[in-house]
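Sequential numbering from 5 applies to the sequence shown in the numbering used here.
Below: the structure, in structure tokens.
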Amino acid sequence: MNLTILSEVLNIQCLMCRWNVISVVIHNARLPHAGWVWLVPVIVAITTFGAGASEIELSRRVAVMGTVLETTVSARDRGTALAASQSLLDAVDEVERRLSTWREDSELSRFNRSASGTEISLSPELEADLREVRRWWLETGGAFDPGLSSLVEAWDLRGRGKEPSASELAAARAAAGLDHLVLGSGAGSRSVAGFGIEEGGFGKGVALREAAAAALAAGASCVVMNFGGQVQVAGGCEDQWVKIADPRQRNRDVARLSLDSGSAATSGNSERGMVVDGVELGHLLDPLSGRPVPSWGAVTVVAGDPVTADCLATALYVMGPGRGAEWLLANMGIEAVFAEGGGTTTKLTATAGLRGRLVASEGTISYLQRESPNTTK
């Protein structure tokens, strides 16, 4: 297991009596799993008053896939909470070994290095991942396109950033696009040299989905995760408040969203933007132009499935609030909120399904209205 535990908190709560919750935080620890050892001792002190049903809550922070995953697992007893949390982390570790292009030994990295035109075998899991993202590529008309490794390299988005020359950009665009992905039964290939798939627009969603399923199967009653800003709630959880940050001032909230299940994913340029030769460049790329998408704000997508939320947050940001709103009105079952501008001039526009779940910090929220299929003109 390659996950590094940044911190761990064990809360023991009584549901039907008066308990005093005692928490122990463990910093820079590793799991006692597959040869791993604790770097510091664990001491849990519990003070109880009376008797009643108890709920164990275990929280962990993990460095994985180039970002931080925060997890909270609730269960009926300490052993179940530990087992469920371990199953969750094992599932994330498995997804990282399959999809993380931050690791040279991942299955997706090996696929990206394969000779163009040469078919290689794919695990059933990776094949399913690639078929799923290809579906969203088609559904969004190419606005969601993870086949942009050549462009990521041309703009040096994993480094200090640079603006490619016209010839470099042309070459990168020629090798970009999911239409260069060829999938067969249990196998796949790259149709051109230089083509590669970035997991940044869907990998967190896959990890959240598999981690939640693993934790619930191991006995967790509630699972709450925040994976680099994408939130997932699964099981019988109380409502969680997801903050909608000001696109220009990330430490300031412009709204709060109530989420009792499903996932909320946000896309925007503010957190990972860079300045090259005095010009601000965003990390999200427009598949059509091959250039960074201009910074217009941020979009948060709410969906029952975290992969759906992850893919569509990227797609809707690329589309922008105008075309994105049109796409949402034509596609039922997806909710989203656009935060345009920033500061005191932030404009909030949301789908009607978020009424009653979205609270603005100041000002008002405009809601998109889907036309009823029975409406006559």
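For every residue, glycine included, the Cβ atom is placed at its ideal position computed from N, Cα and C.
Bear in mind that the values here come from a model prediction, so they are computed numbers and not experimental data.
Check: Close Cβ partners of Leu316 (< 8 Å) along its chain, the five nearest in sequence each way excluded; Outcome: Trp140, Thr144, Phe148, Ala269, Val305, Ala307, Ile338, Ala340
Check: Cβ pair count under 8 Å reaching 3, the stretch 242 to 255 against the stretch 287 to 304; Outcome: yes
Check: Opposing strand residues paired with Cys226 [DSSP bridges]; Outcome: Ser78, Gly239
Check: Close beta carbons around Ser113, own chain, < 8 Å, minus the five adjacent residues each side; Outcome: Ser104, Thr105, Arg107
Check: C-alpha gap between Leu358 and Leu289, whole angstroms; Outcome: 28 Å
Check: Secondary structure of Arg135, DSSP reduced to three states; Outcome: helix
Check: Alpha carbon of Thr353 to alpha carbon of Val13, nearest angstrom; Outcome: 37 Å
Check: 4-residue-minimum alpha helix (DSSP H) runs that sit fully inside the stretch 301 to 345, ordered along the chain; Outcome: 310 to 334
Check: Cross-strand partners of Asp183 (DSSP beta bridge); Outcome: According to DSSP, Asp183 bridges with nothing at all.
Check: Beta bridge counterpart(s) of Pro296 as assigned by DSSP; Outcome: Leu289
Check: Pairwise C-alpha distance: Val77 and Val28; Outcome: The predicted model places Val28 with a pLDDT of 42, which falls under 50 and marks its position as unreliable, so this point remains unresolved.
Check: CB contact below 8 Å: Gly145 versus chain D; Outcome: Reference to chain D is not applicable here, since this structure consists of a single protein chain.
Check: Secondary structure, alpha helix (DSSP H): runs of 4+ residues fully inside the stretch 86 to 157; Outcome: 111 to 117, 128 to 143
Check: Ile60 beta carbon less than 8 Å from that of Ala87; Outcome: no
Check: Beta carbon of Pro2 nearer than 8 Å to that of Glu202; Outcome: This structure cannot settle anything about residue 2, because the visible part of the chain is limited to 5 through 381.
Check: Opposing strand residues paired with Phe231 [DSSP bridges]; Outcome: Leu73, Gln234
Check: Buried versus exposed call for Gly163 [16 or more other C-beta atoms within 10 Å across all chains shown]; Outcome: exposed
Check: Same chain, Cβ closer than 8 Å to Gln244, neighbours up to 5 away in sequence not counted; Outcome: Val228, Val235, Val237, Ser262, Leu263, Asp264
Check: Exposure of Val41, with buried meaning 16 or more beta-carbon neighbours within 10 Å; Outcome: Confidence is the limiting factor: at Val41 the pLDDT is only 27, short of 50, which leaves the residue's position unreliable and the question unanswerable from this model.
Check: From Ala356, Pro325, Ala364, residue whose alpha carbon lies closest to that of Leu372; Outcome: Ala356
Check: As assigned by DSSP and simplified to three states, the class of Leu161; Outcome: coil
Check: Identified DSSP bridge partners for Ser373; Outcome: The question names Ser, yet the displayed sequence has Gln at residue 373. Note: Gln373 sits in no beta bridge, so no partner.
Check: Run of the alpha helix (DSSP H) containing Val246, from where it starts to where it stops; Outcome: Where Val246 is concerned, there is no enclosing alpha helix (DSSP H), although the beta strand (DSSP E) it sits in stretches over 244 to 249.
Check: Counted within 10 angstroms of its Cβ, other Cβ atoms place Arg213 as buried (16 or more) or exposed; Outcome: buried
Check: Exposed unless 16 or more other CB atoms sit within 10 angstroms - verdict on Asn335; Outcome: exposed
Check: Secondary structure of Thr368, DSSP reduced to three states; Outcome: coil
Check: Paired residues, beta bridge with Asp257 - DSSP; Outcome: Ala249
Check: Best match in Val363, Arg194, Trp331, Leu92 for proximity to Leu142 [C-alpha to C-alpha]; Outcome: Trp331
Check: Cut-off 6 Å between Cβ atoms - residues of its own chain near Ala1, not counting five sequence neighbours on either side; Outcome: Nothing can be reported for residue 1: it is not among the residues displayed for the chain, which extend from 5 to 381.
Check: Which listed residue (Ser118, Arg82, Pro291, Gly345) has its alpha carbon closest to that of Gly205; Outcome: Pro291
Check: Span separating the alpha-carbon of Ile369 from that of Lys351; Outcome: 8 Å
Check: Leu187 vs Arg135 beta-carbon contact at 8 Å; Outcome: yes
Check: Reference Glu366, options Gly360, Glu344, Val258, closest by Cα; Outcome: Val258
Check: Neighbourhood of Arg138 by C-beta, 8 Å cutoff - its chain only, sequence neighbours within 5 removed; Outcome: Leu182, Leu185, Leu187
Check: C-beta atoms of Glu284 and Ser193 nearer than 8 Å; Outcome: no
Check: For Gly200 and Gly146, the rounded distance between their alpha carbons; Outcome: 16 Å
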